[in-house]
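Participant:
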Amino acid sequence: MLNISPGTLQNLRVNGTLPFTKMGKTMYYEYDDVIKILTQNKSA
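Just so you know, we're using the numbering used here here: the sequence shown kicks off at 2 and counts up by one.
#1: Using 10 angstroms around the beta-carbon of Leu13, count the other beta-carbons present and answer buried if the total reaches 16, otherwise exposed.
#2: Excluding the five sequence neighbours on either side, which residues of its own chain have a C-beta within less than 7 Å of the C-beta of Thr22, listed in chain order?
#3: The alpha helix (DSSP H) that contains Thr9, what's its start and end?
#4: Excluding the 5 residues preceding and the 5 following Leu3 in the sequence, name in chain order all residues of the same chain whose CB lies nearer than 8 Å to its CB.
#5: On the three-state DSSP scale, how would you describe Gln22?
Here it is as C-alpha cells:
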C-alpha cells in the first residue's frame, strides 16, 4: 500500500521521522504525516 518495506517503516518510527500512536499491537499514523514522508521520498 505504501510501497515501503516493514523494516523501512520501523526505521521511520524508531528515528522519529514518522510519528505514530500504538493501541494494543496496532500502530496508527496521521494521514498528513504519511503523505509528507512519501512526498519527501519521491523528491529525494
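Every residue gets a Cβ at the ideal spot worked out from N, C-alpha and C, and that includes glycine.
Facilitator: Concretely, from the data shown:
#1: Stepping through the sequence shown from its first residue, residue 13 is reached at position 12. Flag for Leu13 reads buried.
#2: Residue mapping note: residue 22 aligns to position 21 of the sequence shown, counting from 1. Beyond the five residues adjoining it in sequence on each side, Thr22 comes within less than 7 Å, by CB distance, of Tyr29 in the same chain, given in chain order.
#3: As a first step, residue 9 is located in the sequence shown; it is residue number 8 there, counting from the start. First-last of the alpha helix (DSSP H) with Thr9: Pro7 to Val15.
#4: Translated into the one-based positions of the sequence shown, residue 3 becomes position 2. Non-local C-beta neighbours of Leu3 in its own chain, meaning closer than 8 Å and more than five positions away in sequence, comprise Leu10, Val35 and Leu39, ordered along the chain.
#5: Here residue 22 is taken as the residue at index 21 of the sequence shown, counted from 1. Per the sequence shown, residue 22 should be read as Thr rather than Gln. The answer is strand: DSSP assigns Thr22 an E or B state.
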